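Below: one structure, written as structure tokens.
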Amino acid sequence: MSDRPTAVVTGASSGIGAATARALAKAGFHVVLGARRVDRCAEIAAEIDGTAVRLDVTDRESVAAFAAAVPDCRLLVNNAGGAKGLEPVAEADEDAWRWMFEANVMGTLRVTKALLPALLASGDGHIITVTSIAAVEVYDNGAGYTGAKHAQSVLHRTLRGELLGHPVRLTEVLPGMVETEFSLVRFEGDEERAAGVYQGLTPLTADDVADVIAFAATRPSNVNLDQIVLKPRAQASATRAHRNI
Ligand code: NAP
28 MSDRPTAVVT GASSGIGAAT ARALAKAGFH VVLGARRVDR CAEIAAEIDG
78 TAVRLDVTDR ESVAAFAAAV PDCRLLVNNA GGAKGLEPVA EADEDAWRWM
128 FEANVMGTLR VTKALLPALL ASGDGHIITV TSIAAVEVYD NGAGYTGAKH
178 AQSVLHRTLR GELLGHPVRL TEVLPGMVET EFSLVRFEGD EERAAGVYQG
228 LTPLTADDVA DVIAFAATRP SNVNLDQIVL KPRAQASATR AHRNI
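Using our numbering, the first residue of the sequence shown is number 28, and each one after it goes up by one.
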């Protein structure tokens, strides 16, 4: 037990989630880090005096066991997710689509439902969901990911209305290009293709996004930052970036 308020970060084993766990610990939270690669979470937890708990957001039982290990929760960061593939709809891979909808949409739904009673009981709860600019834009070959991120965003924004009058804030963070393991996962370990995504420009870092999440989380309780869009200076939209190549 800790007298610090508890923050739960899903997908805390790498990228934005790992950086967010560190930033929230610095801001005074006791952080519970969840992901499938719990060994990685445990290393970060040891560094920040947090707690690592295995979590697969696509698995109902795993989410129930995770929630049971988190009796108190002031802040939930729904970050677990990602993309698989980049194909036109005509060639869509149903398994990749199922993975994206399960991880981004159903995962956010499951974890949010499981922790909502604790967030409400805290008297000052906050749900921060990491969607993407893919939640507000569409691009060729990206319908599986943009569709999932749109749906995740709708889930989150609907809660903003449904929880009016209750002590829970809701913040959606919509990043553009961030250099993490995201593209490696999207292109199934193809390092060259993943590196190409960030070629000729300076992308956001995971720490850049974590800073923004920690800022939103540390505003006074009456201040609700509803949506925060952040992109590299060199990126104007999901399909327009300036590259020095
Ligand atoms: P990342 O480095 O690949 O991190 C993804 C995280 O999600 C990992 O910790 C992974 O952990 C976790 N995850 C995936 N499936 C999971 C599952 N079934 N259960 C639990 N955890 C799961 O990529 P990232 O860029 O930090 O991505 C974080 C979030 O930001 C994602 O929602 C992504 O869509 C979003 N985003 C990324 C970018 C970008 O350009 N990088 C831009 C906008 C939005 P395990 O594999 O250990 O389970």
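Glycine included, each C-beta is placed from N, C-alpha and C at the ideal position. If you're wondering where the values come from, they're calculated on a predicted model, not measured in any experiment.
DSSP places P194 outside any alpha helix (DSSP H), giving it a letter other than H or E.
The closest heavy atom of the ligand NAP lies 7 Å or more from the beta carbon of V104. In this structure the stretch 216-233 does not touch the stretch 56-64; the number of beta carbon pairs closer than 8 Å is below three.
When beta bridges are read from the DSSP output, P202 appears opposite L257.
Apart from the 5 residues on each side of it in sequence, S210 sits with its Cβ closer than 6 Å to the Cβ of A221, V224 in its chain, given in chain order. Burial is judged here by how many other beta carbons sit within 10 angstroms of a residue's own beta carbon; S40 has at least 16 and is buried. I160 and L252 have their C-alpha atoms some 17 Å from each other. 8 Å or more divides the Cβ of V165 from the Cβ of V205.
Straight-line measurement puts the Cα of T37 at about 10 Å from the Cα of R81.
A95 is not a Cβ neighbour of I75, given a cutoff of 8 Å. Rounded to the nearest angstrom, the gap between the Cα atoms of D167 and K140 is 33 Å. Residue H153 holds the alpha-carbon nearest to the alpha-carbon of L191 among H153, N106, A69, A130. At least one heavy atom of the ligand NAP lies closer than 7 Å to the C-beta of P202.
With respect to the 8 Å criterion, D99 and T33 are classified as neighbours on the basis of their beta carbons. Rounded to whole angstroms, the gap between the alpha carbons of L231 and S180 is 21 Å. Cβ contact annotation for L102 (same chain, cutoff 6 Å, sequence separation greater than five): A34, H153, A244, in chain order. Under the three-state reduction of DSSP, S264 is assigned to strand. Judged by DSSP secondary structure, I272 falls outside any beta strand (DSSP E); it is assigned neither H nor E. A check of alpha carbon separations from L182 across A162, G171, H193 identifies A162 as the nearest. Nearest Cα to L147 within the set V97, D83, E215, P194: P194. Judged by the Cβ position, T207 qualifies as a neighbour of the ligand NAP at the 7 Å threshold, a heavy atom of the ligand being closer than this. If you ignore the 5 residues before and after Y172, its C-beta comes within less than 7 Å of the C-beta of A110, M127, A161, all in its own chain and listed in chain order. DSSP places L142 in the uninterrupted alpha helix (DSSP H) bounded by 134-148. When distances are taken from the beta-carbon of V80 to the heavy atoms of the ligand NAP, even the shortest one reaches 7 Å or more. Excluding sequence positions up to five before and after R196, its CB lies within less than 6 Å of the CB of H153, N251, all in the same chain and listed in chain order.
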